[in-house]
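In terms of the working numbering, the sequence shown has 450 at position 298, counting the first letter as 1, and numbering is strictly consecutive.
For every residue, glycine included, the Cβ atom is placed at its ideal position computed from N, Cα and C.
What follows is one structure encoded as structure tokens, with my remarks underneath.
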Amino acid sequence: MESSQYDILIIGGGILGLSTAMQLLERAPQWRVAVVEKEDQLATHQTGHNSGVMHSGIYYRPGSHKAKFCVAGLNNMVKFCEENEIEFQQCGKVIVATHESELGRLQDLHDRGTANGVPDLEVVGPERLKEIEPHTVGVKALWAPHTGIVDFTKVATAFAEKFQQAGGDIFTGATVRNIIKTTGSVALETTKGSLQAKHLINCAGLHADKIASMTDEKIGVRIIPFRGEYYTLRPESHHLVSGLIYPVPNPEFPFLGVHFTRNIKGHVEAGPNAVMALQREGYRKRDFNLGDSLGNLGYPGFWKMAAKYWKIGMGEIWRSYNKRVFLRDLQTLIPEIQDSDLAGGGSGVRAQAVARDGSLLDDFSIIQGRDAIHVLNAPSPGATSSLAIGEHIAGLAVENFG
Ligand SMILES: Cc1cc2nc3c(=O)[nH]c(=O)nc-3n(C[C@H](O)[C@H](O)[C@H](O)COP(=O)(O)OP(=O)(O)OC[C@H]3O[C@@H](n4cnc5c(N)ncnc54)[C@H](O)[C@@H]3O)c2cc1C
């Protein structure tokens with residue numbers, strides 16, 4: 153890699169970095185822009201390890217970034233996939249109340265979704281639920297017919313191709329090790345050499361806080377990784393799930409609860425749970441990184457988070473090591489599912505920003521520094537929202553760096 157001068161360098165070749173890169177060159181084609189990615193391939197972390205659900209925007213507080221970007225993002229994503237011949241399906245999703253005590257929260261979700269502009273939401277009774285998902289049992293369910301499925305790696309790859317066709321550069325296998333700021337310019341020291349730019353955009357996902365601290369930005373959060381583990385349904389059990397089947401989520405926890413997903417490749421997955429990982433890219437239970445773990449222990453927000461969520465956290469660990477417990481939770485949605493229906497599956501690791509007071513940031517967090525824009529919290533529905541988030545960041549860049 154030669155030492156080159158760019159207007160903007162984007163750190164992170166996941167779906168958000170690539171969406172931003174593509175839309176930056178659409179808005180400012182005269183700029184020299186490059187994406188710097190540490191892995192040899194693009195989209196290998198959160199973008200390549202998720203449920204592949206195009207969410208419709210039900211869960212999120214009206215007026216929040218998540219609500220706005222998810223609703224807009226789904227529409228843009230559908231259009232993008234149609235125009236670029238990327239396979240997707242709007243198979244619809246049910247959120248199932250399995251107990252009377254969940255009916256109030258189910259109605260709240262209906263009202264929230266409607267306030268967010270999600271069209272055609274409907275609370276249905278057990279008979280209609282049986283028509284949609286014949287093997288699912290519930291008191292009532294919220295039916296969201298426009299929720300869909302797609303392969304987000306394919307979407308991210310299409311963003312990358314468009315960016316390169318517009319003249320953008322992508323450097324893979326280049327880990328950003330240090331950032332040196334001088335007046336009017338920043339130098340990125342990477343494992344493949346150095347790059348200069350006037351401005352930076354930090355889309356480094358699980359490492360976004362580390363990158364922000366290299367620019368001396370005071371961000372007040374730390375990324376704590378939460379692994380999500382999946383089982384897959386054996387092919388002979390696929391008939392148990394037609395589309396997407398979710399529980400009513402625990403309102404105190406920003407994750408959606410273990411659910412069933414028929415993905416675009418035709419597999420059916422059950423999960424993910426949410427277990428704190430001991431390494432930022434710790435996809436296996438045994439993965440451990442001393443630096444990441446000591447960093448967590450030294451962060452005051454970690455201890456406050458532990459004090460607040462220890463009970464839920466212990467439950468997640470217990471379920472992670474006990475297939476029986478995982479199965480029991482799945483049986484609340486599909487009672488006839490059995491241990492023999494489940495085979496081992498993959499996992500993903502979520503980048504969850506935790507504030508110094510121990511709270512888990514719920515909304516997307518995108519902050520504007522003097523020379524850089526940082527994406528500090530972009531959990532689900534970040535992939536669905538990627539076009540809307542990229543448009544927002546490109547807009548910020550044009551306004552502030554132009
Ligand atoms: C288990 C799970 C399930 C999910 N399900 C859904 C879903 O169904 N629907 C949905 O909309 N969203 C879902 N999400 C969320 C979604 O995947 C993320 O919001 C989205 O992928 C975030 O994209 P990103 O580009 O910010 O992060 P990433 O894809 O993680 O990309 C960040 C990139 O930065 C690179 N990087 C980091 N540090 C450096 C460095 N120092 N130098 C160079 N490069 C660096 C990394 O290698 C990585 O490629 C899920 C996430 C998980 C983990």
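Quiz item: Can isoleucine 167 be considered in contact with ligand 1, in the sense that its beta carbon sits closer than 7 angstroms to one or more heavy atoms?
Solution: The closest heavy atom of ligand 1 lies less than 7 angstroms from the beta carbon of isoleucine 167.
Exercise. Alpha carbon to alpha carbon, how far is leucine 494 from valine 550? Give it in angstroms, no decimals.
Key: Taking the straight line from one Cα to the other gives about 49 angstroms.
Quiz item: Of the choices His391, Lys437, Glu237, whose alpha-carbon is the least far from that of serine 472?
Solution: Minimum Cα distance to serine 472 is reached at Lys437.
Quiz item: Any heavy atom of ligand 1 closer than 7 angstroms to the Cβ of glycine 300?
Solution: For ligand 1, not one heavy atom lies less than 7 angstroms from the Cβ of glycine 300.
Quiz item: DSSP state of tryptophan 183, grouped into three classes?
Solution: Coil.
Quiz prompt | lysine 314 Cβ short of 7 angstroms to ligand 1 heavy atom set | solution = It does not: the Cβ of lysine 314 is nowhere closer than 7 angstroms to a heavy atom of ligand 1.
Quiz item: What span of residues does the alpha helix (DSSP H) with proline 278 cover, start to end?
Solution: Element bounds for proline 278: 278-284.
Exercise. Report yes if the CB atom of valine 400 is closer than 8 angstroms to the CB atom of alanine 249, and no otherwise.
Key: Closer than 8 angstroms, so yes.
Quiz item: Can you list, in chain order, the residues of its chain whose CB lies under 8 angstroms from that of lysine 314, leaving out five sequence neighbours each side?
Solution: Counting only Cβ-Cβ distances below 8 angstroms, and skipping sequence neighbours, we find Met174.
Exercise. Measure from the alpha carbon of valine 328 to the alpha carbon of each residue in Gln348, Thr334, Ala310, then state which is nearest.
Key: Of the listed residues, the one whose Cα sits closest to valine 328 is Gln348.
Quiz item: Are leucine 273 and valine 373 closer than 8 angstroms when you measure CB to CB?
Solution: When the beta-carbon positions are compared, leucine 273 and valine 373 stay at least 8 angstroms from each other.
Quiz prompt | Minimum C-alpha distance to alanine 186 - residue among Gln157, Gly204, His262, Met206 | solution = Among Gln157, Gly204, His262, Met206, the Cα nearest to that of alanine 186 is on Gln157.
Quiz item: Are the CB atoms of arginine 179 and alanine 546 nearer to each other than 8 angstroms?
Solution: Yes. Within cutoff.
Quiz item: Got a sec, what are the start and stop residues for the alpha helix (DSSP H) leucine 479 sits in?
Solution: If you look at leucine 479, you'll find it in the alpha helix (DSSP H) that goes 475-483.
Exercise. Locate the beta strand (DSSP E) running through asparagine 330, then write down its first and last residues.
Key: Element bounds for asparagine 330: 328-334.
Quiz item: What separation, rounded to the nearest whole angstrom, lies between the Cα atoms of isoleucine 210 and asparagine 202?
Solution: Our two residues, isoleucine 210 and asparagine 202, have alpha carbons roughly 19 angstroms apart in a direct line.
Self-check item: Exposure label - proline 406; buried when at least 16 CB within 10 Å
Solution: With a 10 Å radius around the Cβ and a threshold of 16 neighbouring Cβ atoms, proline 406 comes out buried.
Exercise. Say yes only if the C-beta of glutamate 252 is nearer than 7 angstroms to one or more non-hydrogen atoms of ligand 1, and no if none qualify.
Key: Result no, Cβ not under 7 angstroms from ligand 1.
Quiz item: Nearest CA to the CA of histidine 544: which residue from Ile331, Gly169, Gln198?
Solution: Residue Gly169 holds the alpha-carbon nearest to the alpha-carbon of histidine 544 among Ile331, Gly169, Gln198.
Quiz item: By Cβ distance below 8 angstroms, which residues in the same chain neighbour leucine 177 in space, the five residues on each side in sequence not counted?
Solution: Taking C-beta separations shorter than 8 angstroms and ignoring five residues to either side along the sequence, the partners of leucine 177 in its chain run Trp183, Val185, Phe315, Ala318, Gly319, Gly320, following chain order.
Exercise. Pull up the DSSP beta-bridge partners for asparagine 529, would you.
Key: Ser517.
Self-check item: Those residues which DSSP pairs with proline 377 across a bridge
Solution: In the DSSP secondary-structure assignment, proline 377 is bridged to Ala503.
Quiz item: Looking at leucine 194 and alanine 308, is the spacing between their C-beta atoms short of 8 angstroms?
Solution: Yes; because the gap between Cβ atoms is below 8 angstroms, this pair is in contact.
Quiz item: Contact check, glycine 204 vs valine 302 under 8 angstroms by CB: the rounded distance?
Solution: Between valine 302 and glycine 204 the Cβ distance is about 6 angstroms, and since that is below 8 angstroms, they are a contact.
Quiz item: Measuring CA to CA, which of His251, Arg264, Cys243 is closest to isoleucine 284?
Solution: Of the listed residues, the one whose Cα sits closest to isoleucine 284 is Cys243.
Quiz item: What are the start and end residues of the beta strand (DSSP E) that includes threonine 342?
Solution: It spans 337-342 - the beta strand (DSSP E) in which threonine 342 sits, taken as one unbroken run.
Practice problem: Report the partner residues of histidine 287 according to the DSSP bridge assignment. | Solution: Answer is none; histidine 287 lacks a bridge partner.
Quiz prompt | Per-residue DSSP class, three states only, for histidine 251 | solution = Coil, per DSSP.
Quiz item: If valine 420 sits next to threonine 384, beta carbons under 8 angstroms apart, how far is it from one beta carbon to the other, in whole angstroms?
Solution: Rounded, the Cβ-Cβ distance is 7 angstroms, consistent with contact.
Quiz item: Does the distance from the CB of threonine 305 to the CB of glycine 200 come in under 8 angstroms?
Solution: Threonine 305 places its beta carbon less than 8 angstroms from that of glycine 200.
Quiz item: According to DSSP, which residues form a beta bridge with glycine 368?
Solution: The amino acid occupying residue 368 in the given sequence is aspartate; glycine does not appear at that position. For aspartate 368, DSSP assigns no beta-bridge partner whatsoever.
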